[in-house]
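First comes the structure, then the notes that go with it.
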Amino acid sequence: MTDWHLAQMNVGTALHDIDDPRMAAFMNQLDSINALAEATPGFVWRLQSESGNATDIQVSEDPRFIVNMSVWTNLEALFDFVYKSSHRGVMVRRRQWFARPEGAYQVLWWVKPGMTPSVCEGLARLGRLNARGPSPKAFSFKETFPAPDGATAPPGQAPDPYCVGWS
């Protein structure tokens, strides 16, 4: 058991404006996917605006660039939600709604319980992962690191069998 939680950020650049009818199939799932996340054992927190999701939180000059952030009690809980729940269907269809990323589009890192990561922190950690590769400060499901208290890191989670990649 660890005294740390796992934060995650994932980003994407929508192929169309969020209110474009071609994005409707994605947008129409947000409430149910967010509710599923919140009901999943291990869920702690997620980024959201007054609308209940994060798609209208503009973090760059590009209004199609959207972020999603959450905090979980452990890596396994997050992995199970992302790749083993009905959220997986969104992942499989992401090419219909999002441009192919040029680098990592998800980053994981450890936070103390009760700490809420900021969007700026998440973007910095994603930048670090893209620039330097996986480290204890910014990693992915494929290569995990132990929490700072020295608890053993779970092995990499190998998401490929669960979700069609971008290749």
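Counting from 1 along the sequence shown, just add 2 to a position and that's the residue number in the working numbering.
All C-beta atoms in this analysis are idealised placements derived from N, C-alpha and C, irrespective of residue type, glycine included.
Excluding its 5 nearest sequence neighbours in each direction, A56 has C-beta neighbours in its own chain below 8 Å: R48, L49, Q50, I68, V69, N70, M71, listed in chain order. Going by beta carbons, Q108 and N30 fall outside the 8 Å limit. For S142, the secondary structure class from DSSP, reduced to helix, strand or coil, is coil. Taking C-beta atoms as the reference points, T15 and A101 count as a pair closer than 8 Å.
Pairing G54 with D33 gives a Cβ-Cβ distance under 8 Å.
Per the C-alpha coordinates, the member of H89, Q10, W6 positioned closest to G124 is Q10. For the pair A79 and L110, the Cα-to-Cα distance works out to about 13 Å.
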